[in-house]
Structure formats: C-alpha cells, structure tokens
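K.L.:
Have a look at this one before I ask anything.
2 protein chains.
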Amino acid sequence: MTNEAIDMSRGVPPTDLLPTEKVKECAMSAMDNFGRSLLQYHSKITPTVQGFQPLMELLADEMGNGAKQENVLIGNGSLDVFDILTNSLVEAGDNVLVESPSYDRSITTLERAGCNVTGVPLEEDGLDTGRLADLVEEKNFKLLYIIPDFQNPSGITTSTKKRNEVTELAEEHDFWIIEDSPYYKLRYKGEHKPRMWDLSPQKVLYMSSFSKLIAPGLRIGWTIIPEDINEKVLQYAEDSYITPSILSQGVVYEFLQRGWLEPNIEKLKESYVVRLNALLENLESKMPEASWAEPEGGFFVGLNLPGGTTFTDLEEKSEELGLNFSDSRKFFPEGGDVNFLRIPFCTLSPEEIEESISRLKEVL
Amino acid sequence: MTNEAIDMSRGVPPTDLLPTEKVKECAMSAMDNFGRSLLQYHSKITPTVQGFQPLMELLADEMGNGAKQENVLIGNGSLDVFDILTNSLVEAGDNVLVESPSYDRSITTLERAGCNVTGVPLEEDGLDTGRLADLVEEKNFKLLYIIPDFQNPSGITTSTKKRNEVTELAEEHDFWIIEDSPYYKLRYKGEHKPRMWDLSPQKVLYMSSFSKLIAPGLRIGWTIIPEDINEKVLQYAEDSYITPSILSQGVVYEFLQRGWLEPNIEKLKESYVVRLNALLENLESKMPEASWAEPEGGFFVGLNLPGGTTFTDLEEKSEELGLNFSDSRKFFPEGGDVNFLRIPFCTLSPEEIEESISRLKEVL
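Going down the list, the protein sequences come from chains H and X.
Going by our numbering, the first residue of the first sequence is number 996, and it counts up by one from there.
Going by our numbering, the first residue of the second sequence is number 996, and it counts up by one from there.
Now the structure itself:
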C-alpha cells in the first residue's frame, strides 16, 4: 500500500463488482419488450404511479404472506421512498423513534419533515425494548424507523424475540414501523430472522432496494404499504414526481426474470465475506482494546473506540492518517461527540482494510 | 369515430411519436461508454449529486450567457426538481405567487410545502403586471412560479415587455422567479422571446425537461440555479435521493451527442402544428361564441367557456359525452368553479380533436 488516502466514508459496492454487461443486456431487452411503456408517463399506460407493473408483481410474489402488488411502491432509490413514506405519515411536530445510532440520512429526512427524533439505545441484540416500552408509554410516537438486519451503522441484527416485542408494542400503542432492510439478502453467516413485516403487516412498512444487490445508480428502492395508508402514500408519490424513473425498473425486471439476481448475490457474498473476515482479524490482532458487534451480513462494522477516544479526536488526525471517515456524530440523534466509528468493509479491499486498521491503530 | 371515450385530461406526447428505437440505441452506447459510472452512486464517481456530468456540461453550454455546469441540477423529472427548488427556498407560511390559472401539480407542490399561494390574473400577453406590482408592494413574497412560453394550462406566452417588468420587480422587491419552460423548443409560429433567465440570471431559476422533447418516462428535468442558493439547493437534493437516476441521463446525453434532438423536435412540431390547426379550425367553426388565446407552441389551448357554462356543468355531462377532462378548478389557486377548459391538442389525433369539439358543442 502506498500512502494514498483510503475512503472509509461510504457504504458503496466496489465498482468492479457491478454487473455492467448484464445490465446492458437487460436494458436492451427491456427496450425491446416494453419500449413504449418505459418511455411514456407511466400512469397513462397502466393507471398507476407505483412503478413498472411487471416488477411490482414480481416483488409482491416474492414477499409472499399475502403481499399484494397494489400495495407496492417502487421509487427512485430507497431514500426517496423513505422521504415519501415519512411525509405521508408525519406532520411537523410529530414524535418519531429511531435506533441510536441509526442511518444518518434517514435521521436527516425525519428532521427536515419537522419531526422530534428520539433515539432508542442499541444493544447487541437490537434496540433496548425496555426503554422503547417506557417511551411509548410516556407519549405518542407516530413511527419507529428501524434497520433490523446488519444495521447501518452498527452491523447489529435485531433478535427474533425483540422483533416480536417491538411489533407488539406498535400494535398496542398504535405507531407505524418502517422496516428498512436493504442488506437482508447479504447474509454471510447464521439464519434469516423473520421480517418484522411478517409479524405485523398491518403496522409495518417494509422497505428494500436493489442498490446493494445489483447497482446503486439504478436508484430502485421499494416498499410494501399497509392497506390503511396505501392511497395516502401513493397520492404523495404522484404529487412528488408523477411517476418514477421507469427505464431502470424495466432493467431490474429483466435481471430478475433471467434468474440473475441470486447468482449475483452469491458472487457478492463470496467477495464480501472475505472482506468482513479480513476486518475482524485485523481488529482482533491490532485493536484488542476496542469492541464491536460481529455482523452476520451487510456492509458495516460499528467500532466502539477504546480509551475514551472520540470521533472528534479521530477527525482531527484524519488527514495525517490518510483516512476519510463519515461523521459518526450524525448517526446519533442526540448530537454531541461519540466514541464510535463505522467501517464499511464491503467497499474496501482486504489490503485497504489491513492498511486502514494499521493506520487507525497508530492513533488509538 | 366510434363512441369511445376521448381522454382530454393529460398533456402527454402521443405514444407513437416516442423515439423507442433511438432510445434503445442510446441506452446501449451509454452502457458501453459509461457503464460503471452509470451504475454507481454517482457522487462517488464525480463528487456531485447534480447528475451525469457530461450531460450537465452540454446543458450549461447550450444555455450560454455564462451558465456554469456547477449550477446545473438534473433530477428525476421536472416536478421532482420543482419540489426540491420549492423546499430549498420556502418555509411553511411563506407567501408565493403563481399565474392564475397555472399548472395544477405545481400549485399542489407549493401548497404542500406550506406556502400561501396567491394567483396573479393572466392576460393575453402574460400575467397582469400592474396587479403583480401592487401585490409585491403590499407584502413580502418569496417566489413567483411562472410558465412564460405556451403556458400550461392557457397556452399564453408572456410578452417581452412583461418579461422585463417581472424580472425588474423581482430585483427591486427581492423575490425568486422559477421560470418553468418545458415547451420552449416546441414553437410552431412566431419568434422566440428572451428567456427570463437571460434578463436576470441572479434572480431566475430556469427549469426545463426532456419529457416533451424526447420521452416522459425517462424522467429528466433540470434547472440552472443562481449562485447564491446553489449550495443550499444541492444539499436538499442530496438529502432527498443521494443521487438521481443516472441511466436515463446517460441515454439523454447520447441522444444529444448524436445530434438527434433537433430532428426529433422538428418531427414533433410537424405533427403538433397539424393538431393545433385542427383544433383552432374546429373551435372557430363549431364554437364561435367561446374564446381562447391562440398558442404559438406547446401542448394546450385554454378555452373560456361561453354562456356562463362552468367546469362543473361540463363535468356532470362528461360520462354522457364520452370525454375525460382534467379538473379545471385545480388550475386556479383561488378555488371555486370556473368557466375554463384545458384542451391538450398534442395528445389527440385530428380525428379525436374534431370529434371531441363536436361533442363539447352539444353541451355548450
């Protein structure tokens, strides 16, 4: 390794793992098979703002458990979908809950919608459900945003027991759960946990994305909406963009139809697990005094910095170290300095992982 | 013509005029030339949320008059871009201005951002600038949304004199102008007027789109942002969707690079002027008692209904007539019933135009 800066700031797939040739082939067939539909305002062709109908159907079928395609919304990436869901559900001044830490961009979305964002501390098996129970007893919350699988930024997975507790609380205290699960299929170890949507489809809005499974630039995020609020959410989406970008949706449909998704995921997992193991080995050997939850999938390890080192300490030395970090403080809705660092292992080669942990060790 | 219902509700290009084969070829080259860039989170490849850099460059060059690519934002359709601009510029409770009538979806965007929307009456040569001067003298307005060329829904074009008056008022009274001009290049008669952006690039946010020039489903809208607010707008865009859908932007870039845009526009204009003339002839012969402003381009004729007929009267008979209308009342921010009907002539064949005016005549 040279002394080049290593970018540890973003959870993006390595560019050389993007299936460029396959996407090109899918774009060609999508245009051959559906050209005119893909180029028109979609709500004219099929009376829906919800996305490309054949893809909606595939997604509903794959969800199973009674999911209907009329409750599917496919939008321009999952952050955009989350923005639509948030603004459909909340009004300025509403109270909402997130895990603490949580995905910084989602916290921003909630805050700019005017929400009061409260963090529920994250434990090794998911958020502190005792604390959650106290909070929802105390006052009304409109929704809980949760990333139950290989959480961003901590890598933590919510246990089955806690998934049940959280959905029971949502039913009892009448709040929505937005279950954001873009990494669900990127599990390297252990067994899949039940989706929270399976436990309470009437209270849970399930969100996923093809950004991590095929390619981010396609901007395909999607959600399954509970029946009660379906119309409201779809109206908000139509008022936002009339119809989402449909060409990419045709591409994803062709990719799925060809059976290319599962082999692509297998290829990604083979590469990502090597990177995860390299990170864990480097942390164990070089940073025994730090602590972290070992993720079973996804993109991130959340490092608890040892010896009182704060993110601000790290940030001050980031240029000297040649390491770029994302701002850890933004993962915590409470604000203030934190002893936390998110490491996006999928983005880095094993060599970059070794080098970056060596550089980090110097400063800790 | 059979008695099939005729859909007069939406301003969409006729599906048989969509350049499907050309778009397919552009999609293939875009993937060949830029595949990896198009599939990655774009802000990783070039440090920007603003869109596909080669397309940004082309758009800035074509704007001329000192437009810089760092002030270009290309988003997921122009309604989405308008939503980003609105929410970057206003806070709930702000006063904003629109022409009355104006594009219903834009009024919705302003209202859902919490704005107080005031309409400025439209005259045959653009909005009533005397009334505008009084209004901005009376109180503070944050912005004026205006469609100066072949307005939606009226078909009216703002005169050069009024363009100057409006931009002078904006500079004097410090409000933003959002100039929405998706039909600018679809001029069938007469000479281009100066863009308001040319008159006051520091106060005007210019918006355009490829929905009417290539295909709506690509969802490519764009804007040039005044330097003062560039950073704020781009941050709002990044917080909304990280990066827009890039594949379609690559397609549009290839389309432009091949020199296919101008011939495509010529082809559209040849077809649209026939439809416009058919509509005008039918109106003159069948409805001499109605009035309308003769548009020199665009998609719409705005019909002033004769004899006290209101939109609600029409709506009640719409099923019987076999005609679907868009809701004229939504074009007027004041609310209430109106003596107005928008006719989207580009969407209809000359036969449909003749038949629909015959049916309308029956009820008037």
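Glycine is no exception: its CB is placed at the ideal position from the N, C-alpha and C atoms.
Just the Cα atoms here: how many angstroms apart are residue 1112 of chain H and residue 1163 of chain H?
P.N.:
For this step, residue 1112 of chain H is matched to residue 117 along the first sequence. For this step, residue 1163 of chain H is matched to residue 168 along the first sequence. Near 21 Å, if we compare the C-alpha coordinates of residue 1163 of chain H and residue 1112 of chain H.
K.L.:
Report the partner residues of residue 1217 of chain X according to the DSSP bridge assignment.
P.N.:
Along the second sequence, one-based indexing puts residue 1217 of chain X at 222. According to DSSP, which records beta bridges pairwise, residue 1217 of chain X is partnered with X/1069 and X/1203.
K.L.:
Take every Cβ of the region 1097-1104 of chain X, pair it with every Cβ of the region 1225-1237 of chain X, and state whether three or more of those distances are shorter than 8 Å.
P.N.:
no
K.L.:
For residue 1191 of chain H, does the three-state DSSP call read helix, strand or coil?
P.N.:
Translated into the one-based positions of the first sequence, residue 1191 of chain H becomes position 196. Helix at residue 1191 of chain H.
K.L.:
When the Cα of residue 1244 of chain X is compared with those of X/1086, X/998, X/1022 and X/1012, which residue comes out closest?
P.N.:
Translated into positions along the second sequence, residue 1244 of chain X becomes position 249. Of X/1086, X/998, X/1022 and X/1012, the residue nearest in Cα terms is X/1022.
K.L.:
Look at residue 1085 of chain H and residue 1229 of chain H and say whether their C-beta atoms are less than 8 Å apart.
P.N.:
As a position in the first sequence, residue 1085 of chain H is number 90, starting the count at 1. As a position in the first sequence, residue 1229 of chain H is number 234, starting the count at 1. Cβ distance not < 8 Å, so residue 1085 of chain H and residue 1229 of chain H don't count as in contact.
K.L.:
Give me whichever residues DSSP pairs with residue 1182 of chain H in a beta bridge.
P.N.:
In the first sequence, counting from the first residue as 1, residue 1182 of chain H sits at position 187. Answer is H/1292.
K.L.:
In chain H, what lies closer than 9 Å to residue 1035 of chain X by C-beta?
P.N.:
In the second sequence, counting from the first residue as 1, residue 1035 of chain X sits at position 40. Under the 9 Å cutoff, chain H gives 1007, 1008, 1010, 1013, 1210, 1211 and 1212.
K.L.:
On the three-state DSSP scale, how would you describe residue 1337 of chain X?
P.N.:
One-based indexing of the second sequence puts residue 1337 of chain X at position 342. Three-state result, residue 1337 of chain X: strand.
K.L.:
Which bits of chain H does residue 1240 of chain X rub up against, with CB to CB less than 9 Å?
P.N.:
Indexing the second sequence from 1 puts residue 1240 of chain X at position 245. The contacting residues are 1071, 1072, 1212, 1213, 1214, 1215, 1239, 1240, 1242 and 1243.
K.L.:
With DSSP as the reference, label residue 1172 of chain X as helix, strand or coil.
P.N.:
Within the second sequence, numbered from 1, the residue matching residue 1172 of chain X stands at position 177. Looking at residue 1172 of chain X - three-state DSSP - the assignment turns out to be strand.
K.L.:
Per the contact definition of three or more C-beta pairs closer than 8 Å, is the region 1298-1309 of chain X in contact with the region 1331-1341 of chain X?
P.N.:
yes
K.L.:
Give the residues from the region 1092-1106 of chain X that approach chain H closer than 9 Å (Cβ to any Cβ), ordered along the chain.
P.N.:
Taking 9 Å as the upper bound on Cβ-Cβ separation, chain H lies near residues 1100, 1103 and 1104 of the region 1092-1106 of chain X.
K.L.:
Please classify residue 1140 of chain H: does DSSP put it in a helix, a strand, or coil?
P.N.:
Counting from one through the first sequence, the residue named residue 1140 of chain H turns up at place 145. DSSP places residue 1140 of chain H in strand when its eight states are reduced to three.
K.L.:
Assess contact between the region 1085-1095 of chain X and the region 1135-1145 of chain X, defined as three or more Cβ pairs (one per stretch) separated by less than 8 Å. Is contact present?
P.N.:
yes
K.L.:
List the residues of chain X whose Cβ lies closer than 7 Å to the Cβ of residue 1075 of chain H, in chain order.
P.N.:
As a first step, residue 1075 of chain H must be located in the first sequence, where it is residue number 80. Simply 1235 and 1236.
K.L.:
Taking C-beta pairs closer than 7 Å, name the residues in chain X that residue 1031 of chain H reaches, listed in chain order.
P.N.:
Working through the first sequence from its first residue, we reach residue 1031 of chain H at position 36. The contacting residues are 1010, 1013 and 1015.
K.L.:
Kindly confirm or deny that the region 1051-1069 of chain X and the region 1188-1208 of chain X touch, where touching means at least three C-beta pairs closer than 8 Å.
P.N.:
Yes, since at least three Cβ pairs between the region 1051-1069 of chain X and the region 1188-1208 of chain X fall closer than 8 Å, the two stretches touch.
K.L.:
Secondary structure at residue 1113 of chain H, three-state DSSP: helix, strand or coil?
P.N.:
Taking the first sequence and counting its residues from 1, the one referred to as residue 1113 of chain H is at position 118. The answer is strand: DSSP assigns residue 1113 of chain H an E or B state.
K.L.:
Let me check one thing: in DSSP terms, what residues is residue 1417 of chain H bridge-paired to?
P.N.:
Past the edges of chain H, shown from 996 to 1359, lies residue 1417 of chain H, and the structure says nothing about it.
K.L.:
Expressed to the nearest angstrom, what Euclidean distance is found between the alpha-carbon atoms of residue 999 of chain H and residue 1317 of chain H?
P.N.:
As a working mapping, residue 999 of chain H is identified with position 4 in the first sequence. As a working mapping, residue 1317 of chain H is identified with position 322 in the first sequence. Spanning the two alpha carbons is a distance of roughly 7 Å.
K.L.:
Taking residue 1209 of chain X and residue 1159 of chain X to be in contact with their CB atoms under 8 Å, please state how far apart those CB atoms are, rounded to whole angstroms.
P.N.:
Residue 1209 of chain X sits at position 214 when you count from the first residue of the second sequence. Residue 1159 of chain X sits at position 164 when you count from the first residue of the second sequence. Residue 1209 of chain X to residue 1159 of chain X, Cβ: 32 Å. No contact.
K.L.:
Locate the alpha helix (DSSP H) running through residue 1268 of chain H, then write down its first and last residues.
P.N.:
Position 273 of the first sequence holds residue 1268 of chain H. Counting along the chain, the alpha helix (DSSP H) containing residue 1268 of chain H begins and ends at 1256-1281.
K.L.:
With the cut-off set at 8 Å, would you say residue 1217 of chain H and residue 1006 of chain H are in Cβ contact?
P.N.:
For the purposes of this step, residue 1217 of chain H is taken as residue 222 along the first sequence, with counting starting at 1. For the purposes of this step, residue 1006 of chain H is taken as residue 11 along the first sequence, with counting starting at 1. Contact flag unset, no.
K.L.:
Can you find a CB in chain X that lies within less than 8 Å of the CB of residue 1325 of chain H?
P.N.:
The sequence position of residue 1325 of chain H within the first sequence is 330, counting from 1. Not closer than 8 Å to any Cβ of chain X, the Cβ of residue 1325 of chain H fails to qualify, so no.
K.L.:
Compute the distance between the beta-carbons of residue 1360 of chain H and residue 1342 of chain H, then report whether it is under 8 Å.
P.N.:
Since the first residue shown for chain H is 996 and the last is 1359, residue 1360 of chain H is missing from the structure and cannot be characterised.
K.L.:
Confirm, please, whether the CB-CB distance from residue 1175 of chain X to residue 978 of chain X is below 8 Å.
P.N.:
This structure leaves residue 978 of chain X out entirely; chain X is present only between 996 and 1359.
K.L.:
Rounded to whole angstroms, what is the Cα-Cα separation between residue 1124 of chain H and residue 1171 of chain H?
P.N.:
For the purposes of this step, residue 1124 of chain H is taken as residue 129 along the first sequence, with counting starting at 1. For the purposes of this step, residue 1171 of chain H is taken as residue 176 along the first sequence, with counting starting at 1. Answer to the nearest angstrom: the Cα atoms are 16 Å apart.
K.L.:
What are the uninterrupted segments assigned as beta strand (DSSP E) that are 3 or more residues long and contained completely in the region 998-1085 of chain X, given in chain order?
P.N.:
Those beta strand (DSSP E) runs which fall completely within the region 998-1085 of chain X and span 3+ residues are 1001-1003 and 1067-1071.
K.L.:
Bridge partners for residue 1095 of chain X per DSSP, in chain order?
P.N.:
As a first step, residue 1095 of chain X is located in the second sequence; it is residue number 100 there, counting from the start. DSSP, once it has assigned bridges, lists X/1116 as partnering residue 1095 of chain X.
K.L.:
What separation, rounded to the nearest whole angstrom, lies between the Cα atoms of residue 1286 of chain X and residue 1026 of chain X?
P.N.:
Position 291 of the second sequence holds residue 1286 of chain X. Position 31 of the second sequence holds residue 1026 of chain X. Rounded to the nearest angstrom, the two C-alpha atoms are 50 Å apart.
K.L.:
Does DSSP classify residue 1355 of chain X as helix, strand or coil?
P.N.:
For the purposes of this step, residue 1355 of chain X is identified with residue 360 of the second sequence, where counting begins at 1. It is helical.
K.L.:
Using a Cβ cut-off of 9 Å, pull out every chain X residue sitting near residue 1018 of chain H, in sequence order please.
P.N.:
Within the first sequence, residue 1018 of chain H is the residue found at index 23, counting from 1. Within chain X, the residues near residue 1018 of chain H are 1026, 1030, 1033, 1034 and 1242.
K.L.:
Using a threshold of 8 Å, state whether the C-beta atoms of residue 1241 of chain H and residue 1202 of chain H are closer than that.
P.N.:
As a working note, residue 1241 of chain H is residue 246 in the first sequence. As a working note, residue 1202 of chain H is residue 207 in the first sequence. For residue 1241 of chain H and residue 1202 of chain H, no; Cβs fall outside 8 Å.
K.L.:
Can you tell me whether residue 1290 of chain H is buried or exposed? The criterion is at least 16 other CB atoms within 10 Å of its CB, across all chains shown.
P.N.:
Within the first sequence, residue 1290 of chain H is the residue found at index 295, counting from 1. Buried.
K.L.:
Using a Cβ-Cβ cutoff of 8 Å, what residues of the region 1180-1203 of chain H are near chain X? List them in chain order.
P.N.:
none
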